[in-house]
Amino acid sequence: MNYHINDLPDRTAKPRNSGLTMVMDKGLSLRQAEDFIEMGEGYTDVIKLGWATSYVSPNLDAKLKLYKDAGLPVYFGGTLFEAMIVRGQFDDYCRLLDKYQMEYAEVSDGSIDLEHDEKCEYIRKLSKQITVISEVGSKDVQKIFAPYKWINLMRAELEAGSWKVIAEARESGNVGIYRDSGEVRQGLVDEILTQIPEEKIIWEAPQKAQQVWFIKLIGANVSLGNIAPVDIIPLETLRLGIRSDTFEHFLKK
Amino acid sequence: MNYHINDLPDRTAKPRNSGLTMVMDKGLSLRQAEDFIEMGEGYTDVIKLGWATSYVSPNLDAKLKLYKDAGLPVYFGGTLFEAMIVRGQFDDYCRLLDKYQMEYAEVSDGSIDLEHDEKCEYIRKLSKQITVISEVGSKDVQKIFAPYKWINLMRAELEAGSWKVIAEARESGNVGIYRDSGEVRQGLVDEILTQIPEEKIIWEAPQKAQQVWFIKLIGANVSLGNIAPVDIIPLETLRLGIRSDTFEHFLKK
Amino acid sequence: MNYHINDLPDRTAKPRNSGLTMVMDKGLSLRQAEDFIEMGEGYTDVIKLGWATSYVSPNLDAKLKLYKDAGLPVYFGGTLFEAMIVRGQFDDYCRLLDKYQMEYAEVSDGSIDLEHDEKCEYIRKLSKQITVISEVGSKDVQKIFAPYKWINLMRAELEAGSWKVIAEARESGNVGIYRDSGEVRQGLVDEILTQIPEEKIIWEAPQKAQQVWFIKLIGANVSLGNIAPVDIIPLETLRLGIRSDTFEHFLKK
């Protein structure tokens, strides 16, 4: 930090097990990725190449190298996994992970119908060689799960080998744990937290109000995902209570 | 593409006559324009320097050279044309096109009242020396045209020499073919498509939901405009059905 | 300007006393700051490092030097001032201004309760050595002041030594002089303008509709703040009436 402010909340340090920030890259150029690294390296724990943007991005090899050199783990968005398995290309997908020497993979079923046993089987297979993050929740606004179902899915996926589970929100933040309006389903989150250890969950929270809500509920070291690269500095100030939205929350009385 | 996914929709290749993407540059620096080219060159067919941003942009010559070297045609937004003809400066405007060796020009009347015969006369004159794109629809939310009028205007402008007609939406996507809320006027679009060849129209679609709507209606190779530079990679994934919004639409049953 | 358009409104030139644009940097990398300077140098009068982003930004020294070399004055957002004085660190804050050789400082009370006499005392002290900009209005949507109170606060702060007063809106533009929806509190603005000289006020106006509203009310040379770096070119076209939103307003009849 550049100077000293008294009585700020403690932040976990890298490598973090809680208080993670997962950033979504949905098509940065190499120079833009370097710019992001300059600002966000210390505050970023893992980077998702959003959905299947890696398929059409001209600079994939160079970008993966760039993030690797900066010590930032990268994974392909779950929609790529889904696009390939729905087409019977799971083996191709595994070869892809090999070819690009990926150390993380996301297993999700936000856009396809997948028996949960089968999903857990994918997690089991992949987690033997790679760190698996799995995502719970549909991208379909119509598909709303009851809290006990969220809990069962998360628990089963963690047991199958997921390092962390992600609570779905999409890039836009309006499905899964959020209402259409972006508002948090508070009762759902509260109930999940009675059963699943907090440090096993990454909450997708692309909107500022969502980040603020989770920071107030869980604290500076909540794990948040789908953070836009430009929001990495603003998010860190929210976690520390030095932006108005969380200013009073962290003030010692 | 970086790897193989089975059964994706075919995309037209450059130079494209359908499936065009028109990107709006509203003030990129040179380096930002280079970053955009790195990611978007293969997916971009034409670039609009939004409204009269070219008037105040410090780097105009260098930027035009940069896009030219990348083989990306550029044109000045129609509001510049309007700002000059409403001030009696049509000759100045023509000299401007010469001076900057522009190969495309936009003729529009979104902010001024212009007899349609006169508009077509401008199209006729300019199209003798330059590729003309003309825009139909007002930027004024109060001015709503009936479908038959849209059709007559588009037909007359194509006959006058326009290469393509653009269906107005502004940078924000809330006028012309959209309601104030950004929602598509579906009946209008359907009716236009019964009379005007689909490949002659570029639909301004700055918002993701609008892009999705047109891709679902017309297919991967619909021509879309007013795309933000940062959306060039995301849009390409929407066209290919590898982002959740169009994932199921393109899935072979 | 790159070419000539007749009958555009006159813009004040730097160093400006009215028609100022204050830009908010909330975490630009060095290269992004250079890109901004390339486009915005001539149109920008002062830069705010938003709230306490300076605390967590890795490149602070280099960025301050970069802006200084470009002749662009910089100040730390008022939330940093508040975060330090609420923790009894006013002396630390002064040392910070010294250490970074800041020429401007913001005094605000948007996130804390501060007696107005005390706030004016801070303004008085700081303005002996540095140019002070003070901000009026709460970041709390619940705290709505009557117009006479805005006027009294502004007047007292100007008398205490503020160079300009800023009318609060936050980065999002939905508090202070705006309703929750972002709409301007027109009666409030009108009443303020009957008592406080227009050129002493910088109106925070992060949203385009807000910029348009103030330009139409006060003219091309209204002072606006919390402008995003990417909006510097678009804003200049609004001021000149060469974007549709203000096109007709500035047209000579």
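Residue numbers (UniProt numbering), protein chains in the order written: chain A, 1 to 253; chain B, 1 to 253; chain C, 1 to 253. Glycine residues also receive a C-beta, built at the ideal position from the N, C-alpha and C atoms.
6 Å CB neighbourhood of residue i in its chain, flanking five on each side removed
i, result
"residue 269 of chain B", "Outside the shown range of chain B (1 to 253) lies residue 269 of chain B, about which nothing can therefore be said."
"valine 46 of chain A", "Met22 and Pro73"
"alanine 33 of chain C", "Lys63 and Leu66"
"isoleucine 37 of chain C", "Ala70"
"tryptophan 203 of chain C", "Ala167, Phe214 and Leu224"
Residue interval of the beta strand (DSSP E) (run including residue i)
i, result
"isoleucine 201 of chain A", "201-204"
"aspartate 25 of chain A", "21-25"
"tyrosine 104 of chain A", "104-107"
"lysine 48 of chain B", "46-49"
"valine 74 of chain C", "74-76"
"leucine 224 of chain B", "224-227"
Beta carbon proximity, residue i to chain B, threshold 9 Å
i, result
"asparagine 174 of chain A", "no"
"proline 9 of chain A", "no"
"asparagine 17 of chain A", "no"
"methionine 39 of chain C", "yes"
"asparagine 221 of chain C", "no"
"glutamine 207 of chain A", "no"
"asparagine 6 of chain A", "no"
"leucine 251 of chain C", "yes"
"aspartate 91 of chain A", "no"
"leucine 66 of chain A", "no"
"phenylalanine 247 of chain C", "yes"
Chain-ordered neighbours of residue i on chain E, where CB pairs are closer than 9 Å
i, result
"serine 54 of chain B", "The displayed structure is made up of protein chains A, B and C, and chain E is not among them."
C-beta neighbour in chain C for residue i, strict 9 Å
i, result
"valine 230 of chain A", "yes"
"isoleucine 233 of chain A", "yes"
"glutamate 82 of chain B", "yes"
"arginine 179 of chain B", "no"
"glutamate 43 of chain A", "The question names glutamate, but residue 43 of chain A is tyrosine in the sequence shown. Closer than 9 Å to some Cβ of chain C, the Cβ of tyrosine 43 of chain A qualifies, so yes."
"glutamate 183 of chain A", "no"
"leucine 224 of chain A", "no"
"threonine 237 of chain A", "yes"
"glycine 88 of chain B", "yes"
"lysine 143 of chain B", "no"
Continuous alpha helix (DSSP H) stretch holding residue i: start and end
i, result
"lysine 216 of chain A", "208-218"
"isoleucine 232 of chain C", "232-240"
"isoleucine 196 of chain A", "Neither: isoleucine 196 of chain A is in no alpha helix (DSSP H) and is coded neither H nor E."
"valine 56 of chain A", "53-56"
"threonine 246 of chain C", "244-247"
"lysine 99 of chain C", "90-99"
"tyrosine 67 of chain A", "60-69"
"methionine 39 of chain A", "30-40"
Interface flag, residue i vs chain A, CB-CB below 9 Å
i, result
"isoleucine 242 of chain B", "yes"
"asparagine 152 of chain C", "no"
"proline 58 of chain C", "yes"
"aspartate 69 of chain B", "no"
"glycine 27 of chain C", "yes"
"isoleucine 112 of chain C", "yes"
"aspartate 35 of chain B", "yes"
Integer Cβ distance of residue i from residue j, believed to fall under 8 Å
i, j, result
"glycine 42 of chain B", "asparagine 221 of chain B", "The pair is not a contact, with the Cβ atoms about 15 Å apart (cut-off 8 Å)."
"glutamine 89 of chain B", "asparagine 6 of chain C", "6 Å"
"lysine 26 of chain B", "isoleucine 233 of chain C", "6 Å"
"phenylalanine 76 of chain C", "serine 54 of chain C", "5 Å"
"proline 206 of chain B", "alanine 169 of chain B", "6 Å"
"aspartate 92 of chain C", "histidine 4 of chain A", "7 Å"
"glycine 50 of chain C", "glutamate 171 of chain C", "6 Å"
"residue 265 of chain B", "alanine 105 of chain B", "Any property of residue 265 of chain B remains undetermined from this structure, which presents chain B solely from 1 to 253."
"isoleucine 227 of chain C", "leucine 235 of chain C", "6 Å"
"lysine 139 of chain A", "valine 175 of chain A", "6 Å"
"valine 107 of chain C", "glycine 78 of chain C", "7 Å"
Cβ shell of residue i (< 7 Å), same chain only, five flanking positions each side left out
i, result
"alanine 83 of chain B", "Ala52"
"valine 212 of chain A", "Leu238, Asp245 and Thr246"
"leucine 97 of chain A", "Ala105 and Ile130"
Own chain, CB closer than 8 Å to residue i, minus 5 neighbours either side, in chain order
i, result
"leucine 30 of chain A", "Asn59, Ala62, Lys63 and Leu66"
"tyrosine 178 of chain A", "Ala169, Val184, Arg185 and Gln210"
Continuous alpha helix (DSSP H) assignments of at least 4 residues falling wholly in the stretch 123-192 of chain C: As far as the stretch 123-192 of chain C is concerned, its whole alpha helix (DSSP H) runs of at least 4 residues are 147-160.
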